[in-house]
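The structure appears right after this line, and notes come after that.
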Amino acid sequence: TRGNDMPEAKRVLIVDDEESMRLLLHRIVESIPAAEVTLAASCEEALQLAGSRGYDLILLDLLIPGIGGIEVLSRIRAGSQNAATPVIVVSVMSDQDTKIVCQSLGANDYIVKPIERDSVIAAVEAQLAGRGQPKAPRI
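The numbers in our numbering rise by one with no breaks, and the one at position 35 of the sequence shown is 67.
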């Protein structure tokens with residue numbers, strides 16, 4: 033149980049179909065004080081979790097079997113209780129067109145794999161600090 037003097041937990045959802053990447057991101061994010069991490073291995077699991085619980089931040093891979101990360105982002109922004117939650121895309125896709133599509137759908141940041149620990153921590157901390165200013169999708 034948490035004492036009253038503990039900082040409020042920051043709930044972070046990590047979505048990646050590759051177990052090694054999920055675990056690496058988990059280790060990095062949980063090094064941030066008060067971060068509480070939930071892992072999703074599929075698009076369906078990500079949408080179920082995003083639809084059932086509020087998060088303070090979502091880290092989202094794009095190349096996930098099924099509908100894919102871009103559609104997951106679109107559906108989260110379209111009407112889940114996490115529609116205003118900051119989303120950091122973490123993907124091997126480094127082309128400008130993909131980044132623009134993600135930004136237009138409301139992604140707050142974009143990290144290209146292979147990831148660097150310090151870059152991930154900086155991006156996560158920046159989004160958690162600015163939790164009150166979600167990025168609206170461009171229509």
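Heads up, the beta-carbon is just placed ideally off N, CA and C, and yes, glycines get one too.
Item: DSSP beta-bridge partners of I120; Value: L91, D141
Item: Residue closest to D150, alpha-carbon to alpha-carbon, out of V61, K42, R43, V104; Value: V61
Item: Limits of the unbroken alpha helix (DSSP H) element including A154; Value: 149-161
Item: Beta-carbon contacts of I108 that lie in its chain and below 6 Å, excluding the five residues immediately before and after; Value: A82, N114
Item: Which of helix, strand or coil DSSP assigns to R85; Value: coil
Item: For S123, the nearest candidate out of P65, A110, L92 (CA to CA); Value: L92
Item: C-beta atoms of V44 and E68 nearer than 9 Å; Value: yes
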